[in-house]
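In the numbering used here, the protein residues as written are 4 to 106.
We put the CB at the ideal spot given by N, CA and C, even for glycine.
These numbers come from a predicted model, not from an experiment.
Below: the structure, in structure tokens.
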Amino acid sequence: FESEIELFILALSTLDLSEELKTYQVILFDAAAKDVEIHIAMVFDQQSILEYLSLYEMFISSHYYLKYYETSILSLNELCIKSASVAIRNADITCFLPLLTHG
Numbered sequence: 004f005e006s007e008i009e010l011f012i013l014a015l016s017t018l019d020l021s022e023e024l025k026t027y028q029v030i031l032f033d034a035a036a037k038d039v040e041i042h043i044a045m046v047f048d049q050q051s052i053l054e055y056l057s058l059y060e061m062f063i064s065s066h067y068y069l070k071y072y073e074t075s076i077l078s079l080n081e082l083c084i085k086s087a088s089v090a091i092r093n094a095d096i097t098c099f100l101p102l103l104t105h106g
């Protein structure tokens, strides 16, 4: 959501996420990209992610972003929920993942 890349870089400069980014423990998306839905779907469709999809919930911890970007946040949240639902529906049920146990 941050249009000022310098602010984003400054915020991330206080944290060392290099290892997490290399191992895909942290994944960044360009929310304004036309193909963001495809990128989200690809991440949610990975076997290593499937078992955690039932735990998905978007938390908005900054009132600033909620105030100015609520529509974008809700839209991206809907994309994530839709992608998670498709991934769960298409999952190989023989893999015995605890997909729907969180409630």
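Rounded to the nearest angstrom, what separates residue i and residue j at their Cα positions?
i: PHE11; j: VAL29; result: 15 angstroms
i: ALA14; j: TYR59; result: 24 angstroms
i: LEU24; j: SER16; result: 14 angstroms
i: GLY106; j: LEU53; result: Bear in mind that a pLDDT of 47 at GLY106, under 50, signals an unreliable position, so the number given afterwards is only what the model happens to contain. Cα-Cα distance, rounded: 16 angstroms.
i: LYS70; j: ASN93; result: 36 angstroms
i: ASP19; j: THR26; result: 13 angstroms
i: ASN80; j: ALA36; result: 15 angstroms
i: ALA61; j: SER21; result: First, the amino acid is wrong: residue 61 is Met here, not Ala. MET61 and SER21: Cα-Cα distance of roughly 23 angstroms.
i: ILE8; j: SER57; result: 32 angstroms
Between which two residues does the alpha helix (DSSP H) harbouring residue i extend?
i: ALA87; result: 66 to 93
i: LYS25; result: 21 to 25
i: MET45; result: 39 to 47
i: LEU53; result: 50 to 53
Return helix, strand or coil for residue i, following the three-state DSSP convention.
i: ILE8; result: helix
i: ALA14; result: helix
i: LEU31; result: coil
When the distance is taken between beta carbons, is residue j closer than 8 angstroms to residue i?
i: ILE76; j: ILE91; result: no
i: PHE32; j: ILE41; result: no
_Cβ pair count under 8 angstroms reaching 3, the stretch 44 to 52 against the stretch 75 to 88_ = yes
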